Amino acid sequence: MMEEYEALAVEAGGDFYTGFEAVKNEVKVLQYQYRQMLIEQTPCHIDPACSNFLITDDTKMYLIDWEYGGMFDPLWDIAAFSLEAGLTREKENFFCESYFGRSVTEEEQERIFMHKIFQDYLWSLWTLFKEEKGDNFGLYGRHRFERVKRNIQLYKTSYVMNFTAQ
Numbered sequence: 006m007m008e009e010y011e012a013l014a015v016e017a018g019g020d021f022y023t024g025f026e027a028v029k030n031e032v033k034v035l036q037y038q039y040r041q042m043l044i045e046q047t048p049c050h051i052d053p054a055c056s057n058f059l060i061t062d063d064t065k066m067y068l069i070d071w072e073y074g075g076m077f078d079p080l081w082d083i084a085a086f087s088l089e090a091g092l093t094r095e096k097e098n099f100f101c102e103s104y105f106g107r108s109v110t111e112e113e114q115e116r117i118f119m120h121k122i123f124q125d126y127l128w129s130l131w132t133l134f135k136e137e138k139g140d141n142f143g144l145y146g147r148h149r150f151e152r153v154k155r156n157i158q159l160y161k162t163s164y165v166m167n168f169t170a171q
């Protein structure tokens, strides 16, 4: 979807963020590394934004709007929920331990972090495209793109990032 939204943004004449090409190259390296991992795909929502949770008067919770749903790495949804809810590292750990009934492994933590980078990159491209079509998201796309840059630097200090692999 990243490539699709980039192509749509180019076609629409999108004004790409400063440093886009460098970030794109680093994201591609992360994608390559991610694809080397053995991951069992499961049904995923793909877009668990806060607006997609519905809580009824009797306190039942529903996850709605499954238009992006499909088979994928279930940690994508965990990463998306963490980003959308603005969870701190401590709250994210608590959420994951409650959700899984155990501590998250180092490999799972790395995948969650990769997904956060992928999502910020994806949604910043989506925003470029949508804004060229007349929507206005304010600083949403720029903020997500700036977080991509910060998180790539943080990833480099926390994990091995092989820039020769592509």
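Convert by adding 5 to the 1-based position in the sequence shown; the result is the number in the working numbering.
Using N, Cα and C, we set each Cβ at its ideal position, and we do this for glycine too.
As the structure is a prediction and not an experimental result, all values here were calculated from the model.
Could you tell me which of Q158, Y160, K154 and L159 sits nearest to G24, measuring between CA atoms?
When each option's Cα is compared against that of G24, the closest is K154.
Just to confirm the assignment, what range does the alpha helix (DSSP H) spanning G146 have?
Counting along the chain, the alpha helix (DSSP H) containing G146 begins and ends at Y145 to S163.
Going by other Cβ atoms of all chains shown within 10 Å of its Cβ, with 16 needed for buried, is V28 buried or exposed?
Residue burial is scored here from C-beta neighbours: V28 has at least 16 other C-beta atoms within 10 angstroms and is therefore classed as buried.
Exposed or buried, A11, counting other C-beta atoms within 10 Å across all chains shown (16 or more means buried)?
According to the sequence displayed, residue 11 carries Glu and not Ala. The residue is buried, with at least 16 neighbouring Cβ atoms inside 10 Å.
If you follow the alpha helix (DSSP H) that L59 is in, where does it begin and where does it stop?
No alpha helix (DSSP H) contains L59, which is instead part of the beta strand (DSSP E) from F58 to I60.
Classification of L130 by the beta-carbon crowding that lies within 10 angstroms, buried from 16 upward
Around the C-beta of L130, 16 or more other C-beta atoms lie within 10 Å, and the residue is accordingly described as buried.
Given V32, which residues of its chain have a CB within under 6 angstroms of its CB, disregarding the five upstream and five downstream residues?
So the qualifying residues of the chain are Y126.
Any idea which residues DSSP pairs G19 with across the strands?
DSSP, once it has assigned bridges, lists no residue as partnering G19.
Tell me which residue opens and which closes the beta strand (DSSP E) that T132 is part of.
Taken as a continuous stretch (DSSP letters only), T132 belongs to no beta strand (DSSP E), being part of the alpha helix (DSSP H) at E111 to E137.
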